[in-house]
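From first to last, the protein sequence lines stand for chains A and B.
Just so you know, the first sequence maps onto residues 80 to 386 in this note's numbering.
Just so you know, the second sequence maps onto residues 10 to 391 in this note's numbering.
C-beta atoms are modelled at their ideal positions from N, C-alpha and C, and glycine is treated no differently.
These numbers were taken from a predicted model, which means no experiment stands behind them.
Everything below concerns the one structure shown next.
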Amino acid sequence: MKIRLRKLDPFDKEAADSVVKQDHGLHPDDKYLKPGRIPHIWCPGCGLGVVLTTFIDAIRRKGLPVDKCAVVSGIGCTGRVAGYLDMDTYHTTHGRAIPFATGLALVKPDMHVTVFSGDGDLFAIGGNHFIHAARRNVNLKVLCVNNFNFGMTGGQVAPTTPLGATTSTTPFGNAEPGFNLPYLAHAAGAVYVARWTTFHPRQLAHSIGQTLDKKGFTFIEAIAPCPTGYGRPNKLGSGLDEMRYYRDMSEVRNGADPGGATIRLKEKILVGTFVDVERPDFMENYRTTVLSKAMAKGKSKEKGRTA
Amino acid sequence: MADKDVLSGEHFIHGDAACAEGGLAAGCRFFAGYPITPATEVAERMARRLPEIGGVYIQMEDEIASMAAILGASWGGVKSMTSTSGPGFSLMMENIGLGMITETPCVVVNIQRGGPSTGLPTLVGQADVMQARWGSHGDYGCIALAPSSPQDCFDFTLDAFNLSEIYRQPVFVMADEVVGHMTEKVVIPKRENLHIVQRRTPQGKREDYLPFDTTGPLPAPMAVAGQGYHVHVTGLTHDERGYPVITDAVQERNVRHIVDKIKKNADKIIRVEAVELEDAEVVLVAYGCTARTARQAVEDLRNQGRKVGLLRLITLWPFPSTIVRSLAQRVKAFVVPEINYGQIAYEVERTAQGKAEVMLVGLMGGAVHTPGEIAEAVGEYL
Chain A
80 MKIRLRKLDP
90 FDKEAADSVV
100 KQDHGLHPDD
110 KYLKPGRIPH
120 IWCPGCGLGV
130 VLTTFIDAIR
140 RKGLPVDKCA
150 VVSGIGCTGR
160 VAGYLDMDTY
170 HTTHGRAIPF
180 ATGLALVKPD
190 MHVTVFSGDG
200 DLFAIGGNHF
210 IHAARRNVNL
220 KVLCVNNFNF
230 GMTGGQVAPT
240 TPLGATTSTT
250 PFGNAEPGFN
260 LPYLAHAAGA
270 VYVARWTTFH
280 PRQLAHSIGQ
290 TLDKKGFTFI
300 EAIAPCPTGY
310 GRPNKLGSGL
320 DEMRYYRDMS
330 EVRNGADPGG
340 ATIRLKEKIL
350 VGTFVDVERP
360 DFMENYRTTV
370 LSKAMAKGKS
380 KEKGRTA
Chain B
10 MADKDVLSGE
20 HFIHGDAACA
30 EGGLAAGCRF
40 FAGYPITPAT
50 EVAERMARRL
60 PEIGGVYIQM
70 EDEIASMAAI
80 LGASWGGVKS
90 MTSTSGPGFS
100 LMMENIGLGM
110 ITETPCVVVN
120 IQRGGPSTGL
130 PTLVGQADVM
140 QARWGSHGDY
150 GCIALAPSSP
160 QDCFDFTLDA
170 FNLSEIYRQP
180 VFVMADEVVG
190 HMTEKVVIPK
200 RENLHIVQRR
210 TPQGKREDYL
220 PFDTTGPLPA
230 PMAVAGQGYH
240 VHVTGLTHDE
250 RGYPVITDAV
260 QERNVRHIVD
270 KIKKNADKII
280 RVEAVELEDA
290 EVVLVAYGCT
300 ARTARQAVED
310 LRNQGRKVGL
320 LRLITLWPFP
330 STIVRSLAQR
340 VKAFVVPEIN
350 YGQIAYEVER
360 TAQGKAEVML
370 VGLMGGAVHT
380 PGEIAEAVGE
390 YL
């Protein structure tokens, strides 16, 4: 078969570098952002910028070298976070950030691996991976930005959408209750569970900092406005109005039983650090129960007869 | 510890175990998998052997997660592998695509059983050949090796790791239930006699490094996590820096690169074994366990003075089109026994371009051919 293709338009590294040089470095956070990646793609009023800035703030406060940090994300608006951060970043398939990050974290135990992804990605298509990683207590920091809908595809119902809420695929209201994410994380075995909103950047940064110090599977839910996909159909107003709404509806209850943290439409939202416990992580258990025995064994029984 | 990864010497082991040993000898130190007949023994061997040499074995919640985990481990700088069979292979397709577009080396062993769906869990099949080539959506190049014996399982899994490092992509070992569960002598060479390709990582300045360079005949070296290159690895169409760029121009470069790196190096990748082809008038094209039966048929027919040869495919993909095309000029027919309803047979027919007849001797799975039925098929042309 003969093949005819269009002429290739080669990569212009010089042009790419010059864009980077022009615009990068003016903002103090730029050293945490990949050169030439801003402006971001998020809508005006979106809460993702706040969560990203807060994450950077936590790393800065900890003084963590970025070479020791990696971020893995799935698909969706939050999935785009990985691409903006100036560290090793992995933007994987829909729902699979956690298993990808599991492989990375297990071979790189000295790195801080954060899974930064959305509620739809982590709890619809990725729900099974979430509970198993929590059960194993893999050393992963999961930061879930919850905007109560599938934003990237235009505001469809998600497993977090409250009962009765309107989305583009629940025009008459949602017939399903949403997940109580902190309760789910706690039940599955997470050693740290917190929930904040983008109205609580200080508390959120503090929580992220705490998880960076912790070995094991940690979970933070960051509730974020989505004026385009969720705010508009539910008459929550602009992004700023939605943030005000989360301010008014939030009730800080550190140490509260996450079983009572269900989110219902137009009702109080419990926020705070709910769980902070110690439990050996996967690698520690693997070292003590598997490696110690296997590596202590003498020459392998499978050794061949002659070399 | 160092001597335990390569078990040099003679062994009496099955193909599944030999796949595991081939991986370990190649330097695999991370395995993520999920139990599935008839590939479970690969995972079982890995669960016992990897901890002995300080590696990580993890049983994931499904094959989707297994495939994702080995990609993550590979970006962590560790050679990684998984094993499965048809139903699991289907689940892995999503992240195989991610491995292709992100150019991530790793090895997937598929011990094929009868399909579709749950099919014949404990019995042989060879019907995942086209799925290996085309199973994940979009265009990409494919490398797949088909072992015919436990010795091949060792050798080809090791080779698969080398190819995956050179071409920076997932490579398939397409074994089948018969070969996987067959126990035979396997000779593992001395370490110094093994050819192992090590991961190439960048050495220069970060500003000059293009992790997804498309200009060379081979992919760029691969910066692993923590090395300081701050790579962005994305399943989106991306430019040479790894930045997502959603344009047709970048899509052209991105896709053509991941297809062409295999297409343009096909001559270096393709491996076949030619058995009595010099004067053959009818050529059997076979692979996996079927190649063993075909070899017997050739021997039997030659004893009767009939001019039959065997082209045994070691690489199913890339397909040895040039070889088949040139044979088609001078042979009467190709006879293709395979345990499916026609997969490689179509490739042979396509390549022969009407210059020689092509006959599929198909079995739907669960049984192997007899040398007699292959010989009988050849008899139609001689």
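Assuming residue i contacts residue j under a Cβ cut-off of 8 Å, what Cβ separation, rounded to an integer in Å, is found between them?
i	j	result
residue 279/B	residue 327/B	6 Å
residue 226/A	residue 198/A	7 Å
residue 273/A	residue 157/A	About 17 Å separates the two Cβ atoms, so there is no contact after all.
residue 294/A	residue 271/A	Rounded, the Cβ-Cβ distance is 10 Å, inconsistent with contact.
residue 293/B	residue 155/B	With 8 Å as the limit, residue 293/B and residue 155/B do not qualify as a contact, their Cβ atoms being about 14 Å apart.
residue 95/B	residue 128/B	7 Å
residue 391/B	residue 308/B	Contact doesn't hold; Cβ gap of about 15 Å is too wide.
residue 161/A	residue 241/B	7 Å
How long is the line joining the alpha carbons of residue i and residue j, rounded to whole angstroms?
i	j	result
residue 357/A	residue 289/A	13 Å
residue 369/A	residue 60/B	7 Å
residue 272/B	residue 246/B	20 Å
residue 224/A	residue 260/B	30 Å
residue 348/A	residue 342/A	6 Å
residue 209/B	residue 220/B	11 Å
residue 168/A	residue 183/A	11 Å
residue 283/A	residue 19/B	59 Å
residue 372/B	residue 113/B	35 Å
residue 31/B	residue 188/B	15 Å
residue 378/A	residue 209/A	Caution applies to residue 378/A, whose pLDDT of 49 falls short of 50 and renders its modelled position unreliable; the value that the coordinates give is listed next. For residue 378/A and residue 209/A, the distance between alpha carbons rounds to 38 Å.
residue 380/B	residue 310/B	10 Å
residue 138/A	residue 151/A	16 Å
residue 95/A	residue 110/A	18 Å
residue 386/A	residue 200/B	A caution first: residue 386/A carries a pLDDT of 40, below 50, which makes its placement in the model too unreliable to give a value.
residue 256/A	residue 167/B	51 Å
residue 10/B	residue 374/A	Below a pLDDT of 50, predicted positions are generally treated as unreliable, and residue 10/B, at 46, falls in that range; the measurement from the model is reported next regardless. Whole-angstrom Cα-Cα distance: 7 Å.
Going by DSSP, which residues form a beta bridge with residue i?
i	result
residue 119/B	93/B and 183/B
residue 348/A	329/A
residue 21/B	194/B
residue 342/B	291/B and 366/B
residue 302/A	225/A and 276/A
residue 220/A	193/A and 297/A
residue 355/A	271/A
residue 321/B	282/B and 295/B
residue 67/B	41/B
residue 164/A	112/A
Would you call the CB atoms of residue i and residue j closer than 7 Å?
i	j	result
residue 115/B	residue 83/B	yes
residue 92/B	residue 48/B	yes
residue 369/B	residue 318/B	no
residue 333/B	residue 360/B	yes
residue 223/B	residue 262/B	yes
residue 298/A	residue 216/A	no
residue 205/A	residue 155/A	no
residue 187/A	residue 78/B	no
residue 183/B	residue 144/B	no
residue 72/B	residue 100/B	yes
residue 253/A	residue 240/A	yes
residue 186/B	residue 122/B	yes
residue 39/B	residue 89/B	yes
residue 295/B	residue 230/B	no
residue 325/A	residue 315/A	no
residue 313/A	residue 203/A	no
Which residue wins for smallest C-alpha separation from residue i, given the options the options?
i	options	result
residue 269/B	189/B, 67/B, 16/B and 176/B	176/B
residue 322/A	333/A, 334/A, 309/A and 332/A	309/A
residue 50/B	343/B, 23/B, 33/B and 350/B	23/B
residue 346/A	360/A, 335/A, 355/A and 330/A	330/A
residue 4/B	301/B, 290/B and 320/B	In this structure chain B extends from 10 to 391, so residue 4/B is not present and cannot be described.
residue 172/B	151/B, 386/B, 188/B and 315/B	151/B
residue 212/A	179/A, 320/A, 101/A and 237/A	179/A
residue 98/A	116/A, 84/A, 149/A and 82/A	116/A
residue 385/B	352/B, 374/B, 353/B and 313/B	313/B
residue 366/A	353/B, 64/B and 161/B	64/B
residue 14/B	288/B, 62/B and 365/B	62/B
residue 249/A	238/A, 259/A and 126/A	238/A
residue 164/A	318/A, 118/A, 89/A and 281/A	118/A
residue 169/B	265/B, 194/B, 33/B and 378/B	33/B
Considering only heavy atoms of the ligand MG, does any lie closer than 6 Å to the CB of residue i?
i	result
residue 187/A	Among the components of this structure there are no ligands whatsoever, and the ligand MG is therefore not found.
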